[in-house]
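Q:
Residue numbers (the working numbering): 1224 to 1472.
1) Once you ignore the five residues that flank residue 1417 on each side, which residues in its own chain have a CB closer than 7 Å to its CB?
2) Could you check the C-alpha separation between residue 1350 and residue 1443 for me, to the nearest Å?
3) Is it a yes or a no for the region 1281-1290 touching the region 1348-1368, going by three-plus beta-carbon pairs under 8 Å?
4) Going by DSSP, name the residue or residues bridged to residue 1249.
5) Identify every residue that forms a DSSP beta bridge with residue 1348.
6) Could you tell me which residues DSSP puts in a beta bridge with residue 1226?
7) Please classify residue 1373 as buried or exposed, where buried requires at least 16 other C-beta atoms within 10 Å of its C-beta.
8) On the three-state DSSP scale, how would you describe residue 1330?
9) For residue 1439 and residue 1329, I'd like the C-alpha separation in whole angstroms.
10) For residue 1295, collect the residues of the same chain with a Cβ closer than 7 Å to its Cβ; drop the 5 residues on either side in sequence, then sort them by chain order.
11) Short of 7 Å in beta carbon distance, which residues of its chain neighbour residue 1365, apart from the five on each side in sequence? Order them along the chain.
12) Can you tell me which of the three DSSP states residue 1296 falls into?
13) Assign residue 1446 to buried or exposed, taking buried as 16 or more other Cβ atoms, counted over all protein chains shown, within 10 Å of its Cβ.
14) At which residues does the alpha helix (DSSP H) containing residue 1316 begin and terminate?
15) Using 10 angstroms around the beta-carbon of residue 1242, count the other beta-carbons present and answer buried if the total reaches 16, otherwise exposed.
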């Protein structure tokens, strides 16, 4: 089964990408505009790493399909999706925004942050601001973006950015502790950051949605049921459930 670029970019792990009128997808990453399209097979070295193309997802899909028929159905329907190698700071900021929020609104707030505090790259494209660009930002400034109660959480993350960014390369327990010492980051947001910002496949983020998936489809089981592909399995189940009305079951 071929790599599904749209499902990978818009399954809730990144908030950087936009759909273009010519059926391509674009984002500013590393201060450069990157554009890709479904079916593309050749990528720049940067995008090849970002899209995690060196990992053998086809073998992972085969092994995960043996675990459970529901997970197999999700894989068959969603195609080959990857866990992106994302910038840690952008992931931290994005998933603080994700609290009690939906993907479309997170994307709007993320884009508004880039336009307000980031650097204009070209035309309508802005890089996401680094912590140094956010130095001196106040809670009032952040609230004016429309982030609401999340403003104080974002401000604490900005003030603790050096410590937060030091978690890359740490043990998972140490990384989790530093993240949860940040105001507003609990187990779910920490797990998302560790999966999508540190590429830790053993992490299984559990929001209300995923807890409902587990209760409905996998009663009596926990994330160890999907080992060693917990994080990837979570993405498949999350994407699959969004189109199968699990909230009504």
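Beta carbons: idealized from backbone N, C-alpha and C, even for Gly.
A: Reading from the atomic positions:
1) Your numbering for residue 1417 matches position 194 in the chain shown. Same-chain partners within the cutoff: 1395, 1398, 1399, 1423 and 1426.
2) Translated into the one-based positions of the chain shown, residue 1350 becomes position 127. Translated into the one-based positions of the chain shown, residue 1443 becomes position 220. If you take the alpha carbons of residue 1350 and residue 1443, they lie about 44 Å apart.
3) no
4) As a position in the chain shown, residue 1249 is number 26, starting the count at 1. According to DSSP, residue 1249 bridges with 1241 and 1258.
5) Taking the chain shown and counting its residues from 1, the one referred to as residue 1348 is at position 125. Paired residue(s): 1345.
6) Numbered from its first residue, the chain shown carries residue 1226 at position 3. Answer by DSSP bridge pairing, in chain order: 1303.
7) The sequence position of residue 1373 within the chain shown is 150, counting from 1. When all chains shown are included, residue 1373 counts as buried.
8) Position 107 of the chain shown, counting from 1, holds the residue named residue 1330. Helix.
9) Locating residue 1439 in the chain shown gives position 216, counting from the first residue. Locating residue 1329 in the chain shown gives position 106, counting from the first residue. The alpha-carbon atoms of residue 1439 and residue 1329 are separated by roughly 27 Å.
10) As a position in the chain shown, residue 1295 is number 72, starting the count at 1. Closer than 7 Å at Cβ, skipping near neighbours: 1288.
11) As a first step, residue 1365 is located in the chain shown; it is residue number 142 there, counting from the start. Same-chain partners within the cutoff: 1374, 1377 and 1378.
12) For the purposes of this step, residue 1296 is taken as the residue at position 73 of the chain shown. Helix, per DSSP.
13) For this step, residue 1446 is matched to residue 223 along the chain shown. With 16 or more other Cβ atoms within 10 Å, it is buried.
14) Reading the chain shown from its first residue, position 93 is the one you call residue 1316. Residues 1311-1320.
15) As a working mapping, residue 1242 is identified with position 19 in the chain shown. When all chains shown are included, residue 1242 counts as exposed.
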